[in-house]
Amino acid sequence: MRLVMNQPVEQMERPYARRWWALLVLCLSLLIIVMANTALTVAAPDMTEDLGLSSADLQWVIDGYTVPYAALMLLLGAIGDKYSRRGALVLGLVVFGGGAVSGYLAGSATAVIAARAVMGVGAALIMPATLSLLASTFPRAERAKAITLWTATAGLAIAAGPLVAGALLEDHGWSSTFLINVPIAALAIVGAFVLVPPSKADHHDRIDYVGGLLSVVWIGALVYMIIEGPHFGWGAKAIGAAVLAGVGLVAFVLWELRHPRPVLDVRRFAERRFAGSNLAVALFFLAVFGAFYYLTQHLQFVLGYDALDTGLRMLPLAGAVFVGSALTGYLTPRVGMKWTVSAGMVGGTVALALLTRVDAGSSYGDFVVPLVVLGLAIGLALSPCTDAIMGAFPESELGVGGAVNDTSLELGGSLGIAILGSLLGTSYSDHLADATHGSKLPPSALATAQDSVGAGYAVAQGIGDKARQVAGQAAQATDPQQAAQLKEQARQLSEGARQMADSVGSSFSDAVAHTSLVGAVVLGAGTVLVALLLPRKDKPAEEPAEQEEREPADVC
22 MRLVMNQPVE QMERPYARRW WALLVLCLSL LIIVMANTAL TVAAPDMTED LGLSSADLQW
82 VIDGYTVPYA ALMLLLGAIG DKYSRRGALV LGLVVFGGGA VSGYLAGSAT AVIAARAVMG
142 VGAALIMPAT LSLLASTFPR AERAKAITLW TATAGLAIAA GPLVAGALLE DHGWSSTFLI
202 NVPIAALAIV GAFVLVPPSK ADHHDRIDYV GGLLSVVWIG ALVYMIIEGP HFGWGAKAIG
262 AAVLAGVGLV AFVLWELRHP RPVLDVRRFA ERRFAGSNLA VALFFLAVFG AFYYLTQHLQ
322 FVLGYDALDT GLRMLPLAGA VFVGSALTGY LTPRVGMKWT VSAGMVGGTV ALALLTRVDA
382 GSSYGDFVVP LVVLGLAIGL ALSPCTDAIM GAFPESELGV GGAVNDTSLE LGGSLGIAIL
442 GSLLGTSYSD HLADATHGSK LPPSALATAQ DSVGAGYAVA QGIGDKARQV AGQAAQATDP
502 QQAAQLKEQA RQLSEGARQM ADSVGSSFSD AVAHTSLVGA VVLGAGTVLV ALLLPRKDKP
562 AEEPAEQEER EPADVC
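Sequential numbering from 22 applies to the sequence shown in the numbering used here.
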């Protein structure tokens, strides 16, 4: 047996014997790039305290990964198709691992943001390569099953990120959540050479670099606008990014329509199955990432779970994803993707609707059913959509196909965190102002508490610390009258701390319920639109014609 796998799949007389082991390598690569985001939500409090991050710093630590990740995927997917998909995967793992080492060594906000941006570039190479290598390695009859496992891995990573980060934070600092990526990336690199066959387009013309660069401009500007506007206000930066995104999109579409070999044939979006699948992926991850953003905060801050306990309590989501994926593998061939995807999106809407019942008295038990329903919904809906998107591209453009699917996913996730996260913050701030109306809380302290739920509890803790300090002074006072006054002051401060903590918890719980309602309405409306877009009958699974690869309607 060769140490390095050098024979392309297309030169093999029968299906590649170790293709399921190759899938394991691809899923491992996918696992770390999804976990890189979800693990950070748990590590963020420790990082904020250690580095003294402002809310703006923390936002860009999170989103410094997202902007290059989303913006570069389409161009890098096309480059991988032309030169080497496995090469793109390995290079991406090297870049990702290097960024992770930089993050581990970082000692400032700027250094962490830069490291996250490098990891985002690596992820932009890895993500489309995993799907394109999967599609090229598996025969068409097995591709749907392989994509189901790929999707289940993404669902597992969403829940595994907090669990792994929580376990590391028990005995190590936040930087360990960066370093854990390095041995996994190294293992995936070795696995890629040993188990994954090389792949590239059999014939591929010169890359449309103008179209690729235009895609970088408009997607990057759009993601920047999504981050900047809701979180930091619609100032010159956000408006400028919006204008650039709009102009860039128009220029990209016009260029691609006229180019004989575009980086992405935008006419594919006129095909209902393709357009509906991309819309479903974007809407679903808008809901999933938005819900994940505030659920982890609620578990940590309101219910008081530490990082590890928070990760453990997200496991029902991961388990349900695997069950949903198994169901979609059984149901889709029998009832068609229209009904499976629609059922999954209805399930996601129901999960968000169940979260509208959250209030100050809610316990973890109130979150279990929504997490399970959401996991089942992810498993049901996403695999058929990914399979449909990949099936719309010929073998020479599988990297582009993977990039389109992943860009829809990432844009949806960015929108979810930005829109639902912004709505959550506004709702929490308004509820807290109402809850503390008439109290003696100084305006500056209220403004600080309104910044985030973590800041709110910090203000409550500060009041409690002041109460204990005054109580200590009362115990040392020699004048009985002064001691009595200090004791009363300490009692009032202690009561104020308790009331402040209760107000923060109830305000955030109410904000979660309100935000979930909006998310349910958005996903519900999207479900109707996707159901109308998706055709009633699936197209037959057949290999794309070699000579007609520019006809997306015939390359399923």
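Note that beta-carbon positions come from the ideal geometry of N, C-alpha and C, so glycine has one too.
Would you report the Cα separation of residue i and residue j, rounded to the nearest angstrom?
| i | j | result |
| --- | --- | --- |
| Y326 | T172 | 28 Å |
| P337 | V309 | 14 Å |
| D427 | S465 | 43 Å |
| D408 | V274 | 24 Å |
| E249 | L24 | 48 Å |
| V215 | Y478 | 51 Å |
| L138 | G120 | For the sequence presented, residue 138 should be read as Ala rather than Leu. Near 8 Å, if we compare the C-alpha coordinates of G120 and A138. |
| Q28 | V217 | 10 Å |
| V421 | A413 | 11 Å |
| S528 | E416 | 52 Å |
| F13 | Y86 | The question about residue 13 has no answer here: the residues shown for the chain are numbered 22 through 577. |
| L324 | L333 | 14 Å |
| G176 | L403 | 10 Å |
| G143 | A424 | 13 Å |
| G311 | L376 | 12 Å |
| A439 | F117 | 24 Å |
| D472 | L430 | 29 Å |
| L329 | E191 | 7 Å |
| P556 | T174 | 28 Å |
| W239 | K487 | 51 Å |
| G141 | I53 | 12 Å |
| Q502 | K508 | 10 Å |
| A181 | T349 | 22 Å |
| V231 | L419 | 20 Å |
| A257 | L432 | 22 Å |
| M26 | I83 | 37 Å |
| P283 | P204 | 38 Å |
| E572 | A162 | With a pLDDT of only 40 at E572, under the threshold of 50, the placement of this residue in the model should not be trusted; the figure read from the coordinates follows. Looking at the two C-alpha atoms, the distance is approximately 21 Å. |
| R519 | S443 | 27 Å |
| M33 | R107 | 17 Å |
| K359 | A136 | 41 Å |
Are the beta-carbon atoms of residue i and residue j separated by less than 9 Å?
| i | j | result |
| --- | --- | --- |
| A541 | T370 | yes |
| V379 | I179 | no |
| L436 | A303 | yes |
| L544 | L373 | yes |
| S298 | P405 | yes |
| F253 | A259 | yes |
| L154 | A64 | no |
| L96 | L234 | yes |
| V133 | L72 | yes |
| T169 | M366 | no |
| L79 | T69 | yes |
| D229 | E277 | yes |
| L285 | M335 | no |
| V115 | I210 | yes |
| R353 | A165 | With the sequence shown as reference, residue 353 is identified as Thr, and Arg is not the correct amino acid for it. Yes, the Cβ-Cβ distance between T353 and A165 is below 9 Å. |
| S75 | I147 | no |
| T469 | M521 | no |
| V30 | T158 | yes |
| V55 | G212 | no |
| S363 | A77 | no |
| G517 | L462 | yes |
| V480 | Q510 | no |
| G526 | A347 | no |
Kindly say whether residue i, judged by its beta-carbon, lies nearer than 9 Å to any beta-carbon of chain C.
| i | result |
| --- | --- |
| H535 | Although the question refers to chain C, the structure presented lacks it and comprises just one protein chain. |
Contact between the segment 82-97 and the segment 183-192 (3+ Cβ pairs under 8 Å): no
Which runs of the alpha helix (DSSP H) fall wholly inside the segment 448-496 and span at least 4 residues, in chain order? Complete alpha helix (DSSP H) runs here, min 4: 464-470.
Complete alpha helix (DSSP H) runs within the segment 170-245 (minimum length 4 residues, chain order): 197-200, 202-216
Mind pulling the alpha helix (DSSP H) runs of 4 or more residues that sit fully within the segment 79-161? 87-103, 106-126, 130-158
Contact between the segment 98-106 and the segment 445-458 (3+ Cβ pairs under 8 Å): no
Across the segment 121-139 and the segment 195-202, are there enough close Cβ pairs to call them in contact, namely three or more that are closer than 8 Å? yes
With contact counted as at least three CB pairs below 8 Å, one residue from each stretch, are the segment 313-333 and the segment 382-395 in contact? With three or more CB-CB distances shorter than 8 Å, the segment 313-333 counts as touching the segment 382-395.
Whether or not the segment 225-243 and the segment 263-272 are in contact is what I'm after, with contact meaning three or more pairs of Cβ atoms, one per stretch, closer than 8 Å; do they touch? yes
3 or more residues per run - each beta strand (DSSP E) lying fully within the segment 289-369: Complete beta strand (DSSP E) runs here, min 3: none at all.
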